[in-house]
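Chains as they are written, first to last, in my numbering: chain A, 2 to 198; chain B, 8 to 605. What follows is a set of notes on a single structure, which appears directly below.
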Amino acid sequence: MPAHRIYLFKRFERFWHWSQALLVITLMLSGFRIHGLYRGVDFVSALRLHIYAAWALVLLWVFAVFWHFTSGEWRQYIPTLNNIRQVMRYYAWGIFLGEHHPYQVTAARKHNPLQRLAYLWVKLMINPIIWISGLVLLLFAYNWTTDISLQAVAWLHTAGAYMMLLFFVLHVYLTTTGATPLAHIKAMISGWESSEE
Amino acid sequence: MAVTSIHAYRRACAMMSAAGLPDAAPLRRCRVIVMMLALAAFSPPTFASAPANPAATAASGELLHWHVVPQTRGPWTPTDHRKFKQLAGPFKRPEDVTAACLSCHTDAAKQVKSTIHWSWSKFDPKTGRMVGKRHVFNTFCANITSNEQFCTTCHVGYGNSKPGQFTPFEKLGDNHVDCLVCHDQSGTYHKIPFTGGNPAMTRTPVRPGCGEVYGTDKPYVEPADLALIAQSVGAPKRENCGVCHFYGGGGDGVKHGDLDSSLLNPPKSLDVHMDAHGLNFTCEKCHLTSDHRMAGGHYEVDAKPTALRYMRGAMHGGNPATCRSCHGAAPHHDGDLGSTINMHTRAIACQTCHIPQFARGGLPTKLSWDYSSAGKFGPNGTPLVINDKRGWNIYWGVKGSFKWGENVVPQYRWFNGTETWMNTGDKIHPDRNGIVDVNRIAGSPSDGKSRIWPFKIMHNNQPYDTVNKTLAVFHSFGFDDAAFTITGNWQKAISTGMKAAHLPYSGHFDFVPTQMYWPITHMVAPAEKSLRCAQCHTDGGRLQNIPGVYIPGRSADHQPWIERIGLLAVVMALLGVLGHGAIRTILWLRRRSRTQEH
């Protein structure tokens with residue numbers, strides 16, 4: 002039996018996380034099809050899916066941004082380098098030896114320093130790159146031959162997509178590093194994080 | 008939507024009553040339930056379409072169907088020309104028919120003579136040069152000069168019937184305008200080669216094999232009944248335009264690739280506008296004509312029209328022979344991807360997607376002609392003729408060898424509508440592949456005037472003066488011994504042709520590869536048969552070699568370093584987490600077995 006449980010992820014946060022996950026996976030799959038990285042799926046279906054998922058993500062983000070600021074949760078992402086060396090040492094070494102995670106999670110500080118940096122990377126770099134270039138492609142691509150270089154915007158969008166894919170791979174793996182391999186995922190479903198002590 | 012809900016509610020209640028529910032209270036309950044169901048079912052659309060803005064209405068499909076009344080095929084004139092005494096005949100000369108026409112249609116000859124149909128010559132303001140058959144080369148029979156008696160079979164005039172003697176069109180009187188070739192509705196009017204554009208007035212020998220043009224497969228043509236023809240006149244039908252424009256270059260479909268006799272009675276799949284059982288457009292529906300001036304034409308291609316749609320009563324000034332003059336700039340309304348497709352109209356001509364192939368009507372078109380191989384005679388002393396398995400003529404001693412194609416995929420180029428034509432006497436400028444462009448097309452992704460257009464590119468290998476570096480004007484057609492089709496003697500044919508063109512000839516000739524661009528604009532397929540997105544949005548697609556546009560799905564447009572670094576980072580990350588996970592698992596298993604040992 003876990004020593005104690007914390008209610009870490011509120012209902013909206015969980016909804017936001019999973020619907021965003023679904024949309025991002027959809028966007029990556031359809032986007033890389035449009036890009037030509039793989040074939041076999043109809044181009045038009047991929048394009049249509051990509052556009053719908055993009056607008057759905059825009060809508061989701063309008064609510065998410067509102068939620069972050071009204072709930073004050075944005076503070077969770079304020080970067081810090083405090084104790085970051087211990088956290089890095091844990092993932093590079095301690096985790097193999099079965100050590101406990103050096104970071105004590107609380108509802109007010111739910112992300113360890115490495116997570117804060119990673120999510121900040123997503124929110125301040127990957128998302129804006131994809132979003133701004135994506136909106137330009139959605140709204141201004143019809144001017145491609147005259148006003149803007151569609152190619153440059155598309156390259157930026159692609160670069161953002163690869164960064165997102167990189168984040169996705171690391172993120173999914175790190176979810177397995179909780180007390181048990183499924184602990185973090187369960188927490189994101191139920192909201193309750195169980196500590197191992 | 009609210010109305011629909013109420014209807015649904017009333018229907019449901021009526022059904023309930025009919026089902027035998029006389030009691031008021033259950034009926035009321037049912038009403039409430041049905042009302043709620045109806046509201047639930049219909050409220051989202053109600054919300055979505057409540058503000059009845061015009062755009063939303065216009066986008067609702069129904070209103071945008073083309074309600075063009077199918078044309079009945081008649082003379083399209085309120086006049087029965089059989090009732091005119093002037094046309095009673097009999098006519099001995101076609102010029103007399105013209106005089107009769109002009110006795111009522113007083114200015115018709117002046118109008119026709121002001122057009123390129125008559126002059127074969129016009130000034131091209133885009134290049135500051137003269138264009139028209141009188142001046143330019145082509146890659147079929149190459150040139151008109153010295154061949155006028157033959158070529159004027161497709162001239163809207165009479166009066167060059169004397170062999171070896173050509174009277175320039177501007178010196179011909181008004182009664183030499185040929186009204187009948189465009190206005191005959193009897194189907195019996197045929198202009199006969201080597202008579203300078205006249206119909207047969209006596210039994211006239213012709214070469215069998217071009218029955219569509221002569222109206223007979225016999226080796227002679229019977230005299231034309233000019234009175235019957237004159238009394239039949241009406242607005243031109245496709246047959247009238249087609250007799251020249253379908254058979255140019257020496258036979259059905261030979262020249263254009265997108266114009267041949269399959270358009271006389273086409274199915275919808277061949278041409279959505281000319282569909283004989285649908286819209287049934289005549290040529291002039293697009294090539295709108297007033298005062299005998301036709302809109303559109305190869306010398307005035309509007310590659311990127313900017314004028315708005317034609318609207319009754321509104322000033323226009325644009326070219327009606329453009330898709331945009333009817334369909335507007337944003338023609339794809341329906342479906343959720345309409346605006347995405349509309350983005351393409353900035354850079355891609357409508358024809359590029361909507362004419363997926365040309366020569367689709369069951370007739371092949373000529374793709375290359377090699378004059379250098381001409382001159383072979385068969386064992387019986389007549390020019391050698393070779394047909395392939397499909398019956399397509401691939402060699403003819405008087406012309407050379409040919410390549411044909413059916414359902415041909417066009418070539419695509421940036422095109423701004425400007426073509427620089429090689430006039431007789433111009434020096435040749437072969438490109439780096441040694442090919443001379445007879446009409447060099449201009450266009451680029453960045454000039455703001457170009458779009459990507461489909462072309463038929465017609466190749467030849469035609470004679471040129473190796474010293475003066477000019478394409479040869481040569482005498483092909485005639486009954487004299489200098490005519491190439493009679494004797495197969497290039498030296499005589501070229502020196503006669505050059506002399507007639509008043510050009511110097513060194514006496515030395517050879518053959519140079521030439522090519523000619525034909526913008527493809529007819530045989531517009533129905534929307535469902537147009538190009539699919541993935542036919543360009545892929546590697547090796549239709550627009551593979553088109554520069555200056557980013558085509559998602561075409562990997563040549565990717566930034567290679569983004570791809571390399573991006574994929575490398577992702578692969579490294581995958582390997583990294585797999586390794587990390589493996590070590591974790593192994594060490595965890597070791598720890599667990601140790602715990603169990605203790």
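By construction, the Cβ of each residue, glycine as well, lies at the ideal position given by its N, Cα and C atoms.
Presumed contact (8 Å Cβ cut-off) between residue i and residue j, rounded CB distance
i, j, result
"A160(A)", "I558(B)", "About 18 Å; that fails the 8 Å criterion."
"R245(B)", "C290(B)", "6 Å"
"L9(A)", "W193(A)", "7 Å"
"D185(B)", "A116(B)", "Actually they do not touch by this definition, with Cβ atoms about 10 Å apart."
"T84(B)", "G257(B)", "Not quite, the Cβ-Cβ distance comes to about 34 Å (not below 8 Å), so this is no contact."
"D278(B)", "V531(B)", "6 Å"
Under 9 Å from the C-beta of residue i: neighbouring residues of chain A
i, result
"W7(B)", "Outside the displayed span of chain B (8 to 605) sits residue 7(B), for which this structure offers no information."
Beta-carbon proximity check, residue i vs residue j, cutoff 9 Å
i, j, result
"A207(B)", "G96(B)", "no"
"P170(B)", "F486(B)", "yes"
"T202(B)", "A507(B)", "no"
"I527(B)", "W421(B)", "no"
"A366(B)", "E413(B)", "yes"
"S457(B)", "K311(B)", "yes"
"G368(B)", "S268(B)", "yes"
"Y378(B)", "N468(B)", "yes"
"I7(A)", "T71(A)", "no"
Cα-Cα separation, residue i to residue j
i, j, result
"A155(A)", "L138(A)", "7 Å"
"T146(A)", "C161(B)", "Low confidence applies to T146(A): its pLDDT is 45, below 50, so where it sits in the model is not reliable, and the reading given next is rough at best. Using only the alpha carbons, I get a separation of about 42 Å."
"F67(A)", "I127(A)", "20 Å"
"V578(B)", "R76(A)", "33 Å"
"E69(B)", "H280(B)", "Its pLDDT being 47, under 50, E69(B) is placed unreliably by the model, and the measurement read from it follows with that caveat. When rounded, the distance between both Cα atoms is 19 Å."
"E177(B)", "W125(B)", "9 Å"
"L574(B)", "Y163(A)", "7 Å"
"W525(B)", "K90(B)", "44 Å"
"V42(A)", "D343(B)", "19 Å"
"A381(B)", "W497(B)", "9 Å"
"T592(B)", "I96(A)", "10 Å"
"H305(B)", "H361(B)", "19 Å"
"L478(B)", "I464(B)", "19 Å"
"R319(B)", "R300(B)", "20 Å"
Reduced DSSP secondary structure (H/G/I, E/B, other) of residue i
i, result
"S408(B)", "strand"
"N150(B)", "coil"
"S332(B)", "helix"
"D444(B)", "strand"
"R319(B)", "coil"
"M137(B)", "strand"
"V188(B)", "helix"
"Q93(B)", "helix"
"I7(A)", "strand"
"F201(B)", "coil"
"G324(B)", "coil"
"K187(A)", "helix"
"T359(B)", "helix"
"Q105(A)", "coil"
"E229(B)", "coil"
"F481(B)", "coil"
"S46(A)", "helix"
"N287(B)", "coil"
"H515(B)", "coil"
"H466(B)", "strand"
"G32(A)", "helix"
"N167(B)", "coil"
"N247(B)", "helix"
7 Å Cβ cut-off: residues of chain B touching residue i
i, result
"I35(A)", "P559, G560"
"R49(A)", "D343, L344"
"Y78(A)", "By Cβ distance, chain B contributes nothing, its closest Cβ being about 22 Å from Y78(A), past 7 Å."
Cross-chain neighbours of residue i in chain A, by beta carbon under 8 Å
i, result
"T545(B)", "G37, R40, F44"
"L581(B)", "V170"
Closer than 8 Å at the beta carbon, the chain B residues around residue i
i, result
"T159(A)", "H565, Q566, I569, E570, G573"
"A188(A)", "Correct list: empty, because the minimum Cβ distance to chain B is about 19 Å."
Closer than 9 Å at the beta carbon, the chain B residues around residue i
i, result
"V123(A)", "Residues of chain B passing the Cβ test: none, with the nearest at roughly 14 Å."
"Y91(A)", "Residues of chain B passing the Cβ test: none, with the nearest at roughly 12 Å."
Within chain A, the residues that residue i reaches when beta carbons sit closer than 7 Å
i, result
"D341(B)", "Within 7 Å Cβ-Cβ: nothing; D341(B) doesn't reach chain A, min ~14 Å."
"G315(B)", "In the sequence as displayed, the identity of residue 315(B) is Leu instead of Gly. Simply none; closest approach about 17 Å."
Any non-hydrogen atom of the ligand PLP within 8 Å of residue i CB
i, result
"T425(B)", "The ligand PLP is absent from the structure shown, which contains no ligands of any kind."
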